[in-house]
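Taking the numbering used here, the leading residue of the sequence shown gets 72, the next gets one more, and so forth.
Where a beta carbon is used, it is the ideal one built from N, C-alpha and C, also for glycine.
Just so we're clear, the structure is a prediction, and the values are computed from it rather than from any experiment.
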Amino acid sequence: MALEPLPLGDTLGFFGLPADLRAAPLGRGLIHRTFTLAQGTSPEYVLQEINTRVFADPGLLDANLRAISTAFRVHHPEAAFVHPVAGPGGATQYRHPASGRYFRIFPFVTNTVSHDTVSDADTAFEAARQFGLFARRLSCLPIDAIRPSLPRFHDLDLRVAQFERSLREGNPDRIATCAALIQRARAQLGIAEGYRAALASGALIPRLMHHDTKISNVLFDARSGKGICVVDLDTVMPGVVLSDIGDMLRTYVCPVDENHRDLNDIAIRPEVHTAIEAGYLDGMGDVLTGGERALFDFSGKFMIFMQALRFLTDHLNDDVYYGAAYPGQNRDRAANQLTLLERFSACLL
Numbered sequence: 072m073a074l075e076p077l078p079l080g081d082t083l084g085f086f087g088l089p090a091d092l093r094a095a096p097l098g099r100g101l102i103h104r105t106f107t108l109a110q111g112t113s114p115e116y117v118l119q120e121i122n123t124r125v126f127a128d129p130g131l132l133d134a135n136l137r138a139i140s141t142a143f144r145v146h147h148p149e150a151a152f153v154h155p156v157a158g159p160g161g162a163t164q165y166r167h168p169a170s171g172r173y174f175r176i177f178p179f180v181t182n183t184v185s186h187d188t189v190s191d192a193d194t195a196f197e198a199a200r201q202f203g204l205f206a207r208r209l210s211c212l213p214i215d216a217i218r219p220s221l222p223r224f225h226d227l228d229l230r231v232a233q234f235e236r237s238l239r240e241g242n243p244d245r246i247a248t249c250a251a252l253i254q255r256a257r258a259q260l261g262i263a264e265g266y267r268a269a270l271a272s273g274a275l276i277p278r279l280m281h282h283d284t285k286i287s288n289v290l291f292d293a294r295s296g297k298g299i300c301v302v303d304l305d306t307v308m309p310g311v312v313l314s315d316i317g318d319m320l321r322t323y324v325c326p327v328d329e330n331h332r333d334l335n336d337i338a339i340r341p342e343v344h345t346a347i348e349a350g351y352l353d354g355m356g357d358v359l360t361g362g363e364r365a366l367f368d369f370s371g372k373f374m375i376f377m378q379a380l381r382f383l384t385d386h387l388n389d390d391v392y393y394g395a396a397y398p399g400q401n402r403d404r405a406a407n408q409l410t411l412l413e414r415f416s417a418c419l420l
């Protein structure tokens, strides 16, 4: 299906930007359509069209982003932060009246790079440190200042319930052919019990978390390789450190990603694991409690198991959430994540 053309002139006019800026696609993001805006060869801005199928309330995204931006301007003016561009009236989001589509613009941060994969421990350390710094700085905001953009996004109890429902109501043929995979998933349900116990114990402090700590959401200095700042703040919302620590462990420690089909290549890089812990502790400092630190490795099991369940559930439900590039892709992703979970857990023994 052809993508709708950008209402570029109207959008630039709303934000009071030069009409001769040209748009070019940027990155491989799966949620929003993203473009660079430039007059010459050097990008000056980044334009995003908000995906309202994923985020049904763009106004909520805008209110959250403005609250975070204001908090950084007031409380952390020294920190690098990519503030949204405001139009002449102060608005930071544009709704195109003819199509009902929503757009926003950010300054392009020069002399920076982003990565799709974690190549070494130093990169993992820098990314983890930036996410730790971001969480620590967000503690200046009351937790209810940010409303959830994706309610129950990292609620493992919800994901278990959805998995169990898929076993009752999903595709019978897929359920039958996935019997071994389902058994492997069920063998890990103790992680959900551990999650509930951690919540009940009070060890997990409610915090504003990023909730999407993949490596591509950090900007790095192009020369030094040092982390500069965190980007993509649409999933910032109340949560617990399991989410941010866990997703770094899930996506950094293995040299191959969740789409990799040769399970023999799934391995744990201990030096990357150590770097994530050191970087996050350096960023968070004494804001992180002893109880939260004690759950560091459990965070990895929590997030890997949750993602395995989500992939397996979607496969049993005929790929209605993630879709599939080929038949069985979500089954293969689930097998990948369950293998990662088993090998991660074995490394902790």
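Tell me the residue span of the beta strand (DSSP E) that contains residue i.
{"i": "residue 109", "result": "104-109"}
{"i": "residue 294", "result": "Taken as a continuous stretch (DSSP letters only), residue 294 belongs to no beta strand (DSSP E), as it is neither H nor E."}
{"i": "residue 279", "result": "278-280"}
Exposed or buried, which one is residue i when buried takes at least 16 other CB atoms within 10 Å?
{"i": "residue 354", "result": "buried"}
{"i": "residue 297", "result": "exposed"}
{"i": "residue 187", "result": "exposed"}
{"i": "residue 277", "result": "exposed"}
{"i": "residue 243", "result": "exposed"}
{"i": "residue 72", "result": "Residue placement at residue 72 cannot be trusted, given a pLDDT of 41 that sits under 50; what the coordinates show is reported in the next sentence. Classification for residue 72: exposed."}
{"i": "residue 322", "result": "buried"}
{"i": "residue 330", "result": "exposed"}
{"i": "residue 407", "result": "buried"}
{"i": "residue 333", "result": "exposed"}
{"i": "residue 392", "result": "exposed"}
{"i": "residue 165", "result": "buried"}
{"i": "residue 83", "result": "buried"}
{"i": "residue 182", "result": "exposed"}
{"i": "residue 390", "result": "buried"}
{"i": "residue 335", "result": "exposed"}
{"i": "residue 303", "result": "buried"}
{"i": "residue 348", "result": "buried"}
Which residue wins for smallest C-alpha separation from residue i, given the options the options?
{"i": "residue 92", "options": "78, 98, 102 and 104", "result": "78"}
{"i": "residue 89", "options": "158, 373 and 412", "result": "158"}
{"i": "residue 167", "options": "149, 196, 129 and 145", "result": "129"}
{"i": "residue 340", "options": "184, 295, 419 and 392", "result": "419"}
{"i": "residue 218", "options": "175, 133 and 146", "result": "133"}
{"i": "residue 266", "options": "280, 225, 251 and 304", "result": "225"}
{"i": "residue 256", "options": "124, 384, 396 and 104", "result": "384"}
{"i": "residue 117", "options": "156, 138 and 152", "result": "156"}
{"i": "residue 361", "options": "286, 202, 146 and 312", "result": "312"}
{"i": "residue 95", "options": "119, 247, 86 and 131", "result": "119"}
{"i": "residue 293", "options": "397, 84 and 194", "result": "194"}
{"i": "residue 273", "options": "142, 191, 366 and 165", "result": "366"}
{"i": "residue 222", "options": "192, 306 and 153", "result": "306"}
{"i": "residue 344", "options": "337, 146, 196 and 179", "result": "196"}
{"i": "residue 371", "options": "401, 409 and 97", "result": "409"}
{"i": "residue 122", "options": "175, 376 and 352", "result": "175"}
{"i": "residue 285", "options": "253, 324, 279 and 249", "result": "324"}
{"i": "residue 203", "options": "338, 319, 160 and 394", "result": "319"}
{"i": "residue 190", "options": "287, 299, 314 and 76", "result": "287"}
{"i": "residue 147", "options": "171, 417, 246 and 209", "result": "209"}
{"i": "residue 39", "options": "281, 317, 300 and 291", "result": "With the chain running from 72 to 420 in the structure shown, residue 39 is simply not present."}
{"i": "residue 170", "options": "76, 160 and 154", "result": "76"}
{"i": "residue 160", "options": "227, 235, 87 and 139", "result": "87"}
{"i": "residue 317", "options": "368, 404, 295 and 399", "result": "368"}
Taking the continuous alpha helix (DSSP H) assigned at residue i, which residues delimit it?
{"i": "residue 129", "result": "129-146"}
{"i": "residue 95", "result": "Counting along the chain, residue 95 falls outside any alpha helix (DSSP H), though it belongs to the beta strand (DSSP E) covering 93-96."}
{"i": "residue 81", "result": "79-86"}
{"i": "residue 126", "result": "Taken as a continuous stretch (DSSP letters only), residue 126 belongs to no alpha helix (DSSP H), as it is neither H nor E."}
{"i": "residue 418", "result": "400-418"}
{"i": "residue 266", "result": "261-272"}
{"i": "residue 112", "result": "Careful: residue 112 lies outside any alpha helix (DSSP H) and carries neither H nor E."}
{"i": "residue 390", "result": "Neither: residue 390 is in no alpha helix (DSSP H) and is coded neither H nor E."}
Per DSSP, which one or two residues make a beta bridge with residue i?
{"i": "residue 176", "result": "118"}
{"i": "residue 309", "result": "279"}
{"i": "residue 183", "result": "292"}
{"i": "residue 25", "result": "As shown, the chain starts at 72 and ends at 420. That puts residue 25 outside it, with no answer to give."}
{"i": "residue 301", "result": "289"}
Mind pulling the alpha helix (DSSP H) runs of 4 or more residues that sit fully within the segment 185-256? 192-209, 227-240 and 243-248
Could you give the uninterrupted runs of the alpha helix (DSSP H) lying entirely in the segment 332-365, keeping only those of 4 residues or more? 341-355 and 361-365
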